[in-house]
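*Asks:* From first to last, the protein sequence lines are chains A and B.
Under our numbering, think of the first position of the first sequence as 480, with each following residue one higher.
Under our numbering, think of the first position of the second sequence as 101, with each following residue one higher.
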Amino acid sequence: MAVDNVSFTVKEGEVFGFLGPNGAGKTTTISMLATLLAPTSGEAHVNGFNIKTQKDNVRKSIGIVFQDPSLDEELTAYENMDFHGRLYRIPKDTRIKKIEELLKLVELDERKNDLVKKFSGGMRRRLEIARGLMHEPKALFLDEPTLGLDPQTRNHIWEYIQRLSTEKNVTIILTTHYMEEADRLCDRVAIIDKGKIIVLDTPKNLKDGIGGDLITVETPDAESLCSHIQEFSWFKSSKQHDGYITVNVTDAERHIAEIASLSCQNNIEIKSINVHKPTLEDVFLHFTGKTIREDEASSLEHMRMVQRARRRR
Amino acid sequence: MGVIYTIWLRNVKRYLRSKSRIIGSLGMPLFFLLILGFGLNSVVSIPGMEHDYIKFIIPGVVAMSVLFTSVFSGIQIIWDKQFGFLKETLVAPVPRVEIMLGQTLGGATTAVIQGLIILVLSLFLSGNPSDMVGFLIAVLFMALIGLSFTALGIAFASQMEDMHGFQLVMNFVIFPVFGLSGAVFPISTLPPFLRYLTYLDPLTYGVEGIRAGLLGTSQINPFTSLIVLVGFATFMIFLGGYLFKRMKV
Numbered sequence: 480m481a482v483d484n485v486s487f488t489v490k491e492g493e494v495f496g497f498l499g500p501n502g503a504g505k506t507t508t509i510s511m512l513a514t515l516l517a518p519t520s521g522e523a524h525v526n527g528f529n530i531k532t533q534k535d536n537v538r539k540s541i542g543i544v545f546q547d548p549s550l551d552e553e554l555t556a557y558e559n560m561d562f563h564g565r566l567y568r569i570p571k572d573t574r575i576k577k578i579e580e581l582l583k584l585v586e587l588d589e590r591k592n593d594l595v596k597k598f599s600g601g602m603r604r605r606l607e608i609a610r611g612l613m614h615e616p617k618a619l620f621l622d623e624p625t626l627g628l629d630p631q632t633r634n635h636i637w638e639y640i641q642r643l644s645t646e647k648n649v650t651i652i653l654t655t656h657y658m659e660e661a662d663r664l665c666d667r668v669a670i671i672d673k674g675k676i677i678v679l680d681t682p683k684n685l686k687d688g689i690g691g692d693l694i695t696v697e698t699p700d701a702e703s704l705c706s707h708i709q710e711f712s713w714f715k716s717s718k719q720h721d722g723y724i725t726v727n728v729t730d731a732e733r734h735i736a737e738i739a740s741l742s743c744q745n746n747i748e749i750k751s752i753n754v755h756k757p758t759l760e761d762v763f764l765h766f767t768g769k770t771i772r773e774d775e776a777s778s779l780e781h782m783r784m785v786q787r788a789r790r791r792r
Numbered sequence: 101m102g103v104i105y106t107i108w109l110r111n112v113k114r115y116l117r118s119k120s121r122i123i124g125s126l127g128m129p130l131f132f133l134l135i136l137g138f139g140l141n142s143v144v145s146i147p148g149m150e151h152d153y154i155k156f157i158i159p160g161v162v163a164m165s166v167l168f169t170s171v172f173s174g175i176q177i178i179w180d181k182q183f184g185f186l187k188e189t190l191v192a193p194v195p196r197v198e199i200m201l202g203q204t205l206g207g208a209t210t211a212v213i214q215g216l217i218i219l220v221l222s223l224f225l226s227g228n229p230s231d232m233v234g235f236l237i238a239v240l241f242m243a244l245i246g247l248s249f250t251a252l253g254i255a256f257a258s259q260m261e262d263m264h265g266f267q268l269v270m271n272f273v274i275f276p277v278f279g280l281s282g283a284v285f286p287i288s289t290l291p292p293f294l295r296y297l298t299y300l301d302p303l304t305y306g307v308e309g310i311r312a313g314l315l316g317t318s319q320i321n322p323f324t325s326l327i328v329l330v331g332f333a334t335f336m337i338f339l340g341g342y343l344f345k346r347m348k349v
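Printed below as a string of structure tokens:
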């Protein structure tokens, strides 16, 4: 089962994010909300419409940018937009106006008559976002909007998404496995793993929930170092993962030295040590006992990459 | 109507833009026309028919061209599936049947254009253009073949995951359909068991219909051909529509 007992409410106008590793059930959730996949049990409403019984109304209420590209490469940017507008039965005058306006918004108006196959990954993404907005949806679903894009382009897309949510006041529901993305864009984040929502709150509350600072120690002997650290009076909690120990403390700077001398006394090698404020990555680690990155190296992701590469050929 | 037109327009635009596809799919029919037509023209004479062999196979080669192009257009949906474009279409608030009909009409249109190119080229080769009414009858039958077999292609595509199955369809469906249709030989002289097989092949009626239009003579009454082919096209559109509707993406 890909998704099990997921329950949440998204407020109008907010940016809501699903954060989780690949295969956590993010895309499945979105596919169900977009009526592409029928849920085996349970209820969901989008813009007040039931996703099982009022499919067409749901579809009219949403725009969606899929994880995998979904443009017609043999058509121009303008034609892709036009195709979409006609499918959603937007009258001609509005359609022409909308296409111009949205292509300008994503800065593709100069390239509107170029075939999409000549576009870069970032341009395609922008075009897809513009297309998803053509029929003025109440909610816009973005499934991994910056997957596979370089950092600069990613920043660019983030700016567009932020501008959309303030200028157009459209509700945005996005999935991502990038911490920074969820942190920067989302008003509220649902951390999802193995088909279940583990925790749901604003990024700030999630991070504050962990509290204080985090000291991450890289060591070959995590087990015994951990047992020693637990004896400190200031010890609150710690997590072990993959040769790392993450210790949750207040005033981390004061305790680094203690940890260092402790390991010295006990002949435990320390490869690196680092202090930071909690990030969403730490929140994920705190609740699931693993990092998102660890999950990512799984064979599933590898298979997907291969498949995608094959498709592009 | 708007949706059907939209999908149709996309198909025709894509077709007109892919010059290599247009030229590429002219190859096989022209090859048949030249090799078989000129190669066998002097040694084959059709009993009960005053026309040359090359004139006899022109309708068959035109039908072949329409057949191949239309099946291919239908099966192209798999590409849309793989490239994700189909999702974009299916998530729109429109009935799937309209999408399927647009696809079928688009495929049939491109197939008829392709058939017309062959027809015009072959008329150059054999001279003697036919009269206008006959020409229109031929186009009508070409359109029916196009509709039937684009729908057939869509039916297959909705059951297939990727293009791997395409070869299977080509070898076990399309070539037998073409081979048994009497496109390159007269069916009346076949041994009985084979003749019954050709009567089961819907393309036979298409070839005979085009032949009736272009040559004025045919072995099956054109009205019979028309009724059978309209029936087959209707059936295939319903079947294709049904399977397309149930398709998962």
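All residues carry an ideal CB built from backbone N, CA and C; glycine is no exception.
I need the boundaries of the alpha helix (DSSP H) containing residue 736 of chain A, first residue and last residue.
*Replies:* That run of the alpha helix (DSSP H) goes 731-744.
*Asks:* Under 8 Å between C-beta atoms, does residue 210 of chain B make it to chain A?
*Replies:* No, because no Cβ of chain A sits closer than 8 Å to the Cβ of residue 210 of chain B.
*Asks:* Would you kindly report the start and end of the unbroken alpha helix (DSSP H) that includes residue 334 of chain B?
*Replies:* 322-346 is the span of the alpha helix (DSSP H), which, as asked, contains residue 334 of chain B.
*Asks:* Tell me which same chain residues have a C-beta within less than 7 Å of the C-beta of residue 756 of chain A, skipping the five on either side of it?
*Replies:* For residue 756 of chain A, where only same-chain residues beyond five positions count, the Cβ hits under 7 Å are 692.
*Asks:* Check the Cβ of residue 224 of chain B against every Cβ in chain A and list those closer than 7 Å, keeping chain order.
*Replies:* Neighbours of residue 224 of chain B on chain A: none; closest Cβ ~31 Å, over 7 Å.
*Asks:* So what's residue 569 of chain A in DSSP terms, helix, strand or just coil?
*Replies:* In the structure shown, residue 569 of chain A sits in coil (DSSP, three-state: anything other than H, G, I, E or B).
*Asks:* So residue 567 of chain A contacts chain B; which residues on that side make the cut at Cβ distance below 9 Å?
*Replies:* Near residue 567 of chain A (Cβ distances below 9 Å), the residues of chain B are 192, 193, 194.
*Asks:* Please confirm if the stretch 191-198 of chain B is in contact with the stretch 270-277 of chain B, defined as three or more CB-CB distances below 8 Å between the two stretches.
*Replies:* Segments in contact, no.
*Asks:* What did DSSP end up calling residue 189 of chain B once you bin it into helix, strand or coil?
*Replies:* Here residue 189 of chain B sits in helix by DSSP.
*Asks:* Helix, strand or coil for residue 318 of chain B, going by three-state DSSP, please let me know.
*Replies:* Residue state, collapsed to three classes: coil.
*Asks:* Using beta carbons (cut-off 8 Å, strictly below), is residue 139 of chain B in contact with chain A?
*Replies:* For residue 139 of chain B, the answer is no, since every Cβ of chain A falls outside 8 Å of its Cβ.
*Asks:* So the candidates are B/217, B/296, B/252, B/107; which of them puts its Cα closest to the Cα of residue 565 of chain A?
*Replies:* When only C-alpha atoms are compared, the closest one is B/107.
*Asks:* Hey, is residue 595 of chain A's beta-carbon within less than 8 Å of any beta-carbon in chain B?
*Replies:* Closer than 8 Å: no.
*Asks:* For a contact meaning CB atoms closer than 8 Å, what does residue 554 of chain A contact in chain B?
*Replies:* Those within 8 Å of residue 554 of chain A in chain B are 110, 113, 114.
*Asks:* Measuring alpha carbon to alpha carbon, tell me which of A/494, A/500, A/492 ends up nearest residue 760 of chain A.
*Replies:* Of the listed residues, the one whose Cα sits closest to residue 760 of chain A is A/500.
*Asks:* Along chain B, which residues have their Cβ under 8 Å away from the Cβ of residue 806 of chain A?
*Replies:* Nothing can be reported for residue 806 of chain A, as the shown portion of chain A is limited to 480 through 792.
*Asks:* Alpha carbon to alpha carbon, how far is residue 733 of chain A from residue 487 of chain A?
*Replies:* Cα-Cα distance, rounded: 41 Å.
*Asks:* At a Cβ threshold of 8 Å, is residue 539 of chain A touching chain B?
*Replies:* With 8 Å as the cut-off, residue 539 of chain A counts as an interface residue toward chain B.
*Asks:* Within 10 angstroms of the Cβ of residue 778 of chain A, are there 16 or more other Cβ atoms? Answer buried if so, exposed if not.
*Replies:* Interpretation of residue 778 of chain A is limited by its pLDDT of 46, a score under 50 that renders its predicted location unreliable; no figure is taken from the coordinates.
*Asks:* Within its chain, find whatever has a CB closer than 8 Å to the CB of residue 563 of chain A; leave out the 5 residues flanking it on each side and keep chain order.
*Replies:* Same-chain partners within the cutoff: 610, 613, 614.
*Asks:* Using three-state DSSP, classify residue 530 of chain A as helix, strand or coil.
*Replies:* Residue 530 of chain A falls in the coil class under three-state DSSP.
*Asks:* Per DSSP, what are the beta-bridge partners of residue 619 of chain A in this structure?
*Replies:* In the DSSP output, where bridge partners are listed per residue, residue 619 of chain A has A/542, A/651.
*Asks:* Just to check my reading of the structure: residue 619 of chain A and residue 651 of chain A have Cβ atoms closer than 8 Å, yes? What is that Cβ distance to the nearest angstrom?
*Replies:* The Cβ separation is near 5 Å, so the contact holds.
*Asks:* Beta-carbon of residue 792 of chain A versus every beta-carbon of chain B: anything under 8 Å?
*Replies:* Residue placement at residue 792 of chain A cannot be trusted, given a pLDDT of 42 that sits under 50; what the coordinates show is reported in the next sentence. No, residue 792 of chain A lies away from the interface with chain B (no Cβ there is under 8 Å from its Cβ).
*Asks:* By the three-class DSSP mapping on this structure, what secondary structure does residue 137 of chain B have?
*Replies:* It is helical.
*Asks:* Name the residue from B/283, B/179, B/300 whose alpha carbon lies nearest to the alpha carbon of residue 254 of chain B.
*Replies:* Answer by Cα proximity: B/179.
*Asks:* Short of 7 Å in beta carbon distance, which residues of its chain neighbour residue 343 of chain B, apart from the five on each side in sequence? Order them along the chain.
*Replies:* Contacts found: 255, 258, 259.
*Asks:* Any idea what DSSP makes of residue 267 of chain B, helix, strand or coil?
*Replies:* Helix at residue 267 of chain B.
*Asks:* Span of the alpha helix (DSSP H) holding residue 604 of chain A?
*Replies:* Unbroken alpha helix (DSSP H) run through residue 604 of chain A: 600-611.
*Asks:* Assuming residue 749 of chain A and residue 726 of chain A make a contact with CB atoms under 8 Å, what is their CB distance in whole Å?
*Replies:* Actually they are not in contact, since the Cβ atoms of residue 749 of chain A and residue 726 of chain A sit about 13 Å apart, beyond 8 Å.
*Asks:* For chain E, is any of its Cβ atoms less than 8 Å away from the one on residue 562 of chain A?
*Replies:* Among the chains of the structure shown, chain E does not appear; the protein chains present are A and B.
*Asks:* Taking Cβ to Cβ, would you say residue 161 of chain B is nearer than 8 Å to residue 183 of chain B?
*Replies:* Contact: no.
*Asks:* When you compare only the Cα positions, how much space is there between residue 189 of chain B and residue 319 of chain B?
*Replies:* The straight-line gap from Cα to Cα measures roughly 44 Å.
*Asks:* At a Cβ cut of 7 Å, what residues of the stretch 495-526 of chain A count as close to chain B, listed as they run along the chain?
*Replies:* The stretch 495-526 of chain A vs chain B, Cβ under 7 Å: 513, 515.
*Asks:* Distance check for residue 673 of chain A and residue 766 of chain A, CA to CA, integer angstroms please.
*Replies:* Taking the straight line from one Cα to the other gives about 12 Å.
*Asks:* What's the C-alpha gap between residue 770 of chain A and residue 575 of chain A?
*Replies:* Roughly 47 Å separates the two Cα atoms.
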